[in-house]
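> Chains as they are written, first to last, in the numbering used here: chain A, 63 to 405; chain B, 1160 to 1455; chain C, 2 to 321.
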Amino acid sequence: MALLDIRNLSIDITTAQGKVRVIDKASLTIVDGTIHGLVGESGSGKSIIAKAILGLHNPSWTVTADRMFLGTTDLSKLSSPDRRKIMGKEIAMIFQHPRSYLDPSRKILSQIKEVLPHSSVRSRFINIVKPKKEQSVMRRINELLHKVGIQNGRSVLDSYPYELSEGVCQKVMIAMAVANSPRLIIADEPTNAMEAVTQAQIFRLLYKLNQLHNTAILLLSNNFGSISDLSDYITLVYCGQTVESGSYKQVMESPMHPYTETMIKTILNFDESIDHKSQLYTLPGNIPSANQLPIGCRLGPRCPRAQRNCVKNPDVVNYKGHIIRCHFPTLDENKHANTSQRK
Amino acid sequence: MLINNEFNEDKIQSPLQYTWSIFKKKSAAIVSMWGVITLIFFALFADLIVAHEPSTQYAQNLLLPPYWMEGGSTDHILGTDDLGRDSLARLIQGLQLTLGGGILITFMISLIGSVIGASAVLTKGIKASILHHLLDALLTIPTLLTALILIVLFGPSYENCLLAVSLSLLPQFIRGIYIAIENELSKQYIIALQLDGATNSRLLRFGIFPNIIEPIVTLLNRIFTMAVLEIATLGFLGFGTQLPDVELGSLIASSIDLIYLSPWLVFFPGIAIFLIIIIFNVFAEGLRHSVIEGEE
Amino acid sequence: MLKYLFRRLNLLLITAFILTVIAFMLQHWSSSSIDNRNYFMLYGDYMANIFQGHWGISSIDQRPLLNKGLIAFASTLELCFVACITSIIMAFPLGILAGLKRNGVIDYAIMSIALVGLAIPVFWLAIIMTMLPNSIGISLPVDGNISLVFEVPVISGFVLIDSLLAADQYQMRAFSDRVAHLVLPAVVLSFFLTTEIIRLTRHAITMVMRSNYIKAAYAKGLATKQIVLRHVLKNALPPIIHQIRLQLSTIISFAMTIEIVFSSGGAGVWLLTSIQEGDYLALPTAVLIISSFILLSSIIIDIVLMIISPTKRKALYADQ
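In structure tokens:
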């Protein structure tokens, strides 16, 4: 069952040089209780999609979508306070650079308390009258910290964000995210600029949450290799266009879009023999900047299989849940050989 | 001629062009820019514009109201004062001295202050620390008091008034530019420049200066506003220009006794100061926003 | 924390030393006495006199300068204090509103008023204000500190308090007369201050609203009201207070100008008459009194900021 269903999400940002369409008809379907990897190079618009899902966008963005459903509620029709109410309960977000997302002037304890249900001002008065309730809140907080693997919980709770490391801050963020047991967690490059051990810890934590609580996770990353093993489904974004989307098996074993094929080739595979000092495979050229986007398929100028048709926007093709946007997809090995020969 | 703009997306505007292209789109900023130009034009060519000498006394026309009021004449558009001098001519002379003084002071302060501020950032140790404490001490003395002291020391005159105002505002500018440069200096790309072996002057010119334009605009705007207000205040207190020259503040002071008889003599110079500051502030604000947007 | 206090006090002493040197040079220049001893000895003498309270005698009415200066400055401070309180009450809500509704109609309206406040020359507004009671037909005094019929004894120097203390003599009449005298100057000063604080508040609020933790708070699903109360205000307040601290000397400058227009007996009028009468010794006295007030209050504000804002305390660690 689809938890989050987005069809043809387009986002225009107004800049001094005119409107720029940063997200062009992106579609995303997240199945309940799965880990969905959203992969794209930095600047491809992953974070923008995530922010649009949460409704955190600036007034200068115009967001249009044919369909934007969370479960059965239509997100695009909600007023922003209503939407935020749902966000708090159903969706939680984890960011990169977690420390800057924690209020610097308040201790961790009060920030975690804030996200717990029923932590309004009124209930604080009740807490003074009935200390029992306060105890249960503390027990819940300790439970949460234990869950995310923070050992010295008491001292962490009593600290300000600047006194903690990025890894601990990220764990605190995750604890806050899972506090309301949301149905979806959006993790925006949660391990960016962290050391390998912490990265592994964070990923293991997210995986555990997914397995134990059946929480769906939308995992954003620029590194295909690091999250591909974790994800049940994978969507690739290039320059604001979703190029290919499907289950792990579909995408990894029979990629159809030339961009995906390249991304898979870029994962270093130490099993195969690589010649000493041989060149690693990449696409020619660079990601175009946002104000100089090519028309039609944005991969066009860099695509090894590009033809005249590619200046038109390709239609979405769906092969049993494997969705691609390409004029010349690799349909099978045979066809692949053909197209390359034709070239 | 070969038209060769097929690849116009390759053309990348320079920061200055880009800022200007943003600035152009702000109507308030453009209006204020023309306002600034007009004001400076008035201040420069005051003698050519006005029909009357500011000091000529028309004895038959004392205390004329502005021409749109009853009893006014188009000969003296803004009326005359108690000695029969033309208000408009005196106003424009006042504008010349006040605005000119403000611009001059801002210019001088920005030159001297930048040199002192920049060298204070780049020198460490006892010299910088002495400058710091001196600035700290000077900043605790209210500018009006500093200006009064300096006027008492030098004697009241227009030039000394300008000097006093500049000296009383200089510490503020130095402190402002010091903070701006120091903020910039701690950033990574400056360290990279330093590791490249850039000399201090190169560091300031290419590394720091292009990135502190926004605080500099704010600071200069503030200094200019304060300078105009302070010149006017000192003139009002009688420590600025000496007769027969007038400046907007002393113009107000000279007509304060007539406030019930002919209030416009007090109104117009005040409105003139108000307009100067508003126009320059809107201009600076437009510039600042364009710079910020250009950086984003 | 103690270390910080110590360092701050150290800075205070150095700054105070420089100020006394400035005051000494002024004193030396204005007394124009010929003395052949070297400057160090003279400075020593001067400081000894300062500490013993012999700040010199006014050449106008032969009263001690320290006493005159303190009384005059107290009246200025009273004006500043009243204006500060009223403008904080008015400016904070407006500034917060402008900061939250940035680039909206309300924001433009509030910021236009703020720009007007910056551009109007204070003394001119004061002059216009002196015309106000006459032209709209209300009776408010436009000059002086308090009507001359009330002979309020000087106890604290603050006329408001003194007139309250003199209540057994005049009941509340002296006090209400003083309040009436304060209204117009306070309106002028607080007009300027309000616009200044609006601008500072708006800037601080927009800075905080842009930061990541506010985005995270929105993502947590908190209501705007909660976000403002819990996250924005606490982080925006320290920079606002810090900026007001830097404006202290401007506020006093403006208060002195306003007093001169309303000819109420504050530091402005005192200095002006002293200069006009050639009593230049008033200048070093004024420098010492006003600067030491500003110096002490800035340090107190710094310490308060250090206590209420954990991020400032972080800068403390980073310095070491």
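C-beta atoms are modelled at their ideal positions from N, C-alpha and C, and glycine is treated no differently.
In the structure shown, what three-state DSSP assignment does residue 249/A receive?
Position 187 of the first sequence, counted from the first residue, corresponds to residue 249/A. Residue 249/A: strand per DSSP, three-state reduction.
> Spatial neighbours of residue 126/C within its chain, please: C-beta separation below 6 Å, excluding the five flanking residues on both sides.
Residue mapping note: residue 126/C aligns to position 125 of the third sequence, counting from 1. If we look at residue 126/C and ignore the five residues flanking it on each side, its Cβ neighbours are 189.
> On the criterion of 16 or more Cβ atoms from any shown chain inside 10 Å, does residue 147/C qualify as buried, or is it exposed?
As a working note, residue 147/C is residue 146 in the third sequence. Under this definition residue 147/C is a buried residue.
> Is the region 139-146 of chain C touching the region 281-292 of chain C, taking contact as three or more C-beta pairs under 8 Å?
no
> Could you tell me which whole alpha helix (DSSP H) segments of length 4 or greater appear in the region 1356-1404 of chain B?
Taken in chain order, the unbroken stretches of alpha helix (DSSP H) that lie wholly in the region 1356-1404 of chain B and span 4 residues or more are 1372-1396.
> With a threshold of 9 Å between beta carbons, is residue 320/C in contact with chain B?
Start at 1 with the first residue of the third sequence, and residue 320/C comes out as number 319. Summary for residue 320/C: the model assigns pLDDT 41, below 50, so the residue's position carries little reliability; its value from the coordinates is reported in the next sentence. No, residue 320/C lies away from the interface with chain B (no Cβ there is under 9 Å from its Cβ).
> Distance check for residue 77/C and residue 8/C, CA to CA, integer angstroms please.
For this step, residue 8/C is matched to residue 7 along the third sequence. For this step, residue 77/C is matched to residue 76 along the third sequence. Each residue's alpha carbon lies about 31 Å from the other.
> Just to confirm, is the Cβ distance from residue 127/A to residue 71/A under 9 Å?
Residue 127/A sits at position 65 when you count from the first residue of the first sequence. Residue 71/A sits at position 9 when you count from the first residue of the first sequence. In this structure, residue 71/A lies closer than 9 Å to residue 127/A by Cβ.
> Pairs of beta-carbons, one from the region 127-134 of chain C and one from the region 1403-1423 of chain B, closer than 8 Å: are there three or more?
yes
> Measure the C-alpha to C-alpha separation of residue 1178/B and residue 289/C and round it to an integer number of angstroms.
Position 19 of the second sequence holds residue 1178/B. Position 288 of the third sequence holds residue 289/C. So the alpha carbons of these two residues sit roughly 47 Å apart.
> Going by DSSP, name the residue or residues bridged to residue 1245/B.
Position 86 of the second sequence, counted from the start, is the residue given in the question as residue 1245/B. Per DSSP, 1239/B.
> Given 8 Å as the limit, is there contact between the region 1330-1346 of chain B and the region 1264-1278 of chain B, that is, 3 or more CB pairs closer than that?
yes
> In angstroms with no decimal places, state the Cα-to-Cα distance between residue 1317/B and residue 1310/B.
Numbered from 1 along the second sequence, position 158 holds the residue referred to as residue 1317/B. Numbered from 1 along the second sequence, position 151 holds the residue referred to as residue 1310/B. If I take the Cα positions, the gap works out to 10 Å.
> Below 7 Å CB to CB, which residues in the same chain sit around residue 155/C once its five sequence neighbours on both sides are set aside?
The residue labelled residue 155/C in the question sits at position 154 within the third sequence. Only 72 and 163 meet the Cβ criterion.
> Hey, is residue 224/C's beta-carbon within less than 9 Å of any beta-carbon in chain A?
As a working note, residue 224/C is residue 223 in the third sequence. Interface residue, yes.
> Against residue 1181/B, what residues of chain C qualify as contacts under a CB-to-CB distance less than 8 Å, listed in chain order?
By one-based count along the second sequence, residue 1181/B stands at place 22. The premise fails here: residue 1181/B is roughly 15 Å from chain C at the closest Cβ pair, so nothing lies under 8 Å.
> Would you mind working out which of 266/A, 318/A, 281/A and 366/A sits nearest residue 156/A, comparing C-alpha positions?
Here residue 156/A corresponds to residue number 94 of the first sequence, with the count starting at 1. Cα-wise, what sits closest to residue 156/A is 281/A.
> In the DSSP assignment, find the unbroken alpha helix (DSSP H) run with residue 144/A in it and report its ends.
Locating residue 144/A in the first sequence gives position 82, counting from the first residue. Looking at the DSSP string, the run of the alpha helix (DSSP H) that includes residue 144/A is 142-152.
> Please state the DSSP three-state secondary structure of residue 106/A.
Numbered from 1 along the first sequence, position 44 holds the residue referred to as residue 106/A. Coil at residue 106/A, not helix or strand.
> Note down the Cα distance separating residue 245/A from residue 294/C, rounded to an integer number of angstroms.
One-based indexing of the first sequence puts residue 245/A at position 183. One-based indexing of the third sequence puts residue 294/C at position 293. Approximately 59 Å, taken between the alpha carbons.
> So the beta strand (DSSP E) residue 231/C belongs to, where does it begin and stop?
Numbered from 1 along the third sequence, position 230 holds the residue referred to as residue 231/C. Neither: residue 231/C is in no beta strand (DSSP E) and is coded neither H nor E.
> Which of the residues in the region 118-139 of chain C, read from start to end, lie with their CB under 7 Å from any CB of chain B?
119, 120, 121, 122, 124, 125, 128 and 132
> Start and end of the beta strand (DSSP E) containing residue 1195/B?
Within the second sequence, the letter at position 36 stands for residue 1195/B. Careful: residue 1195/B lies outside any beta strand (DSSP E), inside the alpha helix (DSSP H) at 1186-1203.
> Show which residues of chain A have a CB atom less than 8 Å away from the CB atom of residue 214/C.
Against the third sequence, residue 214/C aligns to sequence position 213. Within 8 Å Cβ-Cβ: 162, 163, 164, 165 and 166.
> At a CB distance below 7 Å, what residues from the region 1267-1297 of chain B approach chain C? Give them in sequence order.
Interface annotation for the region 1267-1297 of chain B against chain C: 1292, 1293, 1295 and 1296, criterion Cβ-Cβ distance under 7 Å.
> Excluding the 5 residues preceding and the 5 following residue 80/A in the sequence, name in chain order all residues of the same chain whose CB lies nearer than 6 Å to its CB.
In the first sequence, the residue the question calls residue 80/A occupies position 18. Excluding sequence neighbours, residue 80/A sits near nothing in its chain.
> Consult DSSP for residue 199/A and reduce its assignment to one of helix, strand or coil.
On the first sequence, position 137 is the one that residue 199/A refers to. It is helical.
> Please go through the same chain and pick out, in chain order, the residues whose beta-carbon is closer than 7 Å to the beta-carbon of residue 108/C, but skip the five residues on each side of it.
Taking the first residue of the third sequence as position 1, residue 108/C is located at position 107. Excluding positions up to five away in sequence, the list reads 99 and 102.
> Can you find a CB in chain C that lies within less than 9 Å of the CB of residue 1463/B?
Here chain B covers residues 1160 to 1455 and nothing more, so residue 1463/B does not appear.
> Return helix, strand or coil for residue 65/C, following the three-state DSSP convention.
Translated into positions along the third sequence, residue 65/C becomes position 64. In the structure shown, residue 65/C sits in a strand (DSSP, three-state: E or B).
> If you compare alpha carbons, which of 120/C, 161/C and 186/C is closest to residue 174/C?
Here the question's residue 174/C lines up with position 173 in the third sequence. Cα-wise, what sits closest to residue 174/C is 161/C.
> If contacts are defined as beta-carbon pairs under 8 Å, then residue 181/C and residue 141/C qualify, I think. What distance do you get, rounded to the angstrom?
Here residue 181/C is taken as the residue at index 180 of the third sequence, counted from 1. Here residue 141/C is taken as the residue at index 140 of the third sequence, counted from 1. Between residue 141/C and residue 181/C the Cβ distance is about 6 Å, and since that is below 8 Å, they are a contact.
> Give me, in chain order, the residues of the same chain whose beta-carbon lies closer than 8 Å to that of residue 1214/B; leave out the 5 immediate sequence neighbours on both sides.
As a working mapping, residue 1214/B is identified with position 55 in the second sequence. Counting only Cβ-Cβ distances below 8 Å, and skipping sequence neighbours, we find 1244 and 1403.
> Please check the pair residue 372/A and residue 358/A, which I expect to be a contact at CB under 8 Å, by giving their CB distance rounded to whole angstroms.
If you number the first sequence from 1, residue 372/A lands on position 310. If you number the first sequence from 1, residue 358/A lands on position 296. That pair is a contact at about 6 Å.
> Within 10 angstroms of the Cβ of residue 397/A, are there 16 or more other Cβ atoms? Answer buried if so, exposed if not.
Counting from 1 along the first sequence, the entry for residue 397/A is found at position 335. Because the pLDDT of residue 397/A is 45, which lies under 50, any placement of that residue in the model is unreliable, and the number read from its coordinates should be weighed accordingly. Under this definition residue 397/A is an exposed residue.
> For residue 137/C, does the count of other Cβ atoms within 10 angstroms reach 16, so buried, or fall short, so exposed?
The residue labelled residue 137/C in the question sits at position 136 within the third sequence. Exposed, because fewer than 16 other Cβ atoms sit within 10 Å of the Cβ of residue 137/C.
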